[in-house]
Amino acid sequence: TAVMYQAVVLTIGGYFKDIKDAMDTAYKGIKAVLPAIMILALAYCINDISKALGAQKYIFTMAQSWMTPAMLPLATFIAGALISFFTGTSWGTYAILTPFVLPLAMQLSGNTLSPLVFATIGAVVGGGCFGDHCSPVSDTTCLSSFGAGSDHMDHVSTQIPYAFTAAILSAVVYGVLGVMSV
338 TAVMYQAVVL
348 TIGGYFKDIK
358 DAMDTAYKGI
368 KAVLPAIMIL
378 ALAYCINDIS
388 KALGAQKYIF
398 TMAQSWMTPA
408 MLPLATFIAG
418 ALISFFTGTS
428 WGTYAILTPF
438 VLPLAMQLSG
448 NTLSPLVFAT
458 IGAVVGGGCF
468 GDHCSPVSDT
478 TCLSSFGAGS
488 DHMDHVSTQI
498 PYAFTAAILS
508 AVVYGVLGVM
518 SV
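Under this note's numbering, the first residue of the sequence shown is numbered 338, with each subsequent residue one higher.
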């Protein structure tokens with residue numbers, strides 16, 4: 338309704354030729370923003386579904402039997418990247434992973450703040466940021482592409498080579514940090 342009132346004011350002020358011109362402009366604007374709104378709605382739905390299904394608990398249970406200190410930072414980075422890519426949220430990924438990997442890192446390091454704990458925290462944040470940055474359902478990616486007026490999937494596909502380069506280097510560092518912390 339605020340948009341419609343603004344259109345009437347702009348029409349009276351002479352910005353638009355007539356009401357039809359104002360309505361056509363409003364329609365084009367709504368049509369341009371609608372895909373972003375739908376993608377954001379989908380991202381929130383996927384996030385709520387994964388929480389309701391208990392996906393994070395399942396992943397933790399499966400990983401607990403084979404996880405070693407050397408593998409924890411790299412596995413955390415990969416898990417964080419996947420979770421945030423598919424849910425479209427870095428902060429949601431932090432909320433999902435931190436309660437599981439931080440106690441595991443503390444347990445594996447003898448309940449001390451060791452380099453393993455710090456590397457694991459870094460892996461949570463790094464994986465979450467990477468997945469969120471590359472995700473087509475991420476709010477930041479959607480708003481960036483639609484705000485710039487570019488095709489959404491073109492924007493996503495142009496980010497991926499640079500982000501994957503950084504992710505591969507990060508994965509190597511997390512692997513080395515895991516091995517060094519043993």
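Built from N, CA and C at the ideal position, the CB exists for glycine as well.
Outcome for residue i when other beta-carbon atoms lying within 10 angstroms are tallied against a minimum of 16
i	result
Ala503	exposed
Ser427	buried
Phe414	buried
Cys382	exposed
Gly468	buried
Ala369	exposed
Ile458	buried
Ile433	buried
Ala339	exposed
Three-state class that DSSP yields for residue i in the structure shown
i	result
Ser402	coil
Val474	coil
Leu450	coil
Ile378	For the record, residue 378 in the displayed sequence is Ala; it is not Ile. Helix, per DSSP.
Met408	coil
Asp469	helix
Gly429	helix
Gly351	coil
Tyr358	In the sequence as presented, Tyr is not what sits at residue 358; that position holds Asp. The answer is helix: DSSP assigns Asp358 an H, G or I state.
Any non-hydrogen atom of the ligand ADP closer than 8 Å to residue i Cβ
i	result
Ser487	Ligands in the displayed structure: none, and consequently the ligand ADP is not present.
Among the options, the one whose alpha carbon lies nearest that of residue i
i	options	result
Ala416	Ser402, Leu379, Tyr431, Lys357	Tyr431
Gly429	Ser482, Ile386, Cys479	Ile386
Pro498	His470, Leu379, Val370	His470
Ala407	Ile367, Met399, Ser451	Ser451
Leu398	Ile356, Leu441, Ala363, Asp361	The question names Leu, but residue 398 is Thr in the sequence shown. The candidate whose alpha carbon is nearest that of Thr398 is Leu441.
Gly486	Lys365, Val516, Gly351	Lys365
Distance CB(residue i)-CB(residue j) smaller than 9 Å
i	j	result
Ala456	Leu506	no
Gly464	Ala418	yes
Tyr482	Asp491	At residue 482 the sequence reads Ser, which differs from the Tyr that was named. Yes, the pair counts as a contact, with Cβ atoms nearer than the cut-off.
Val462	Val438	no
Leu411	Leu445	no
Contact with chain C by residue i, beta-carbon distance below 9 Å
i	result
Ser451	Any reference to chain C falls outside this structure, which holds one protein chain only.
### Query
Are there three or more Cβ pairs, one per stretch, closer than 8 Å when the stretch 464-483 is compared with the stretch 418-432?
yes
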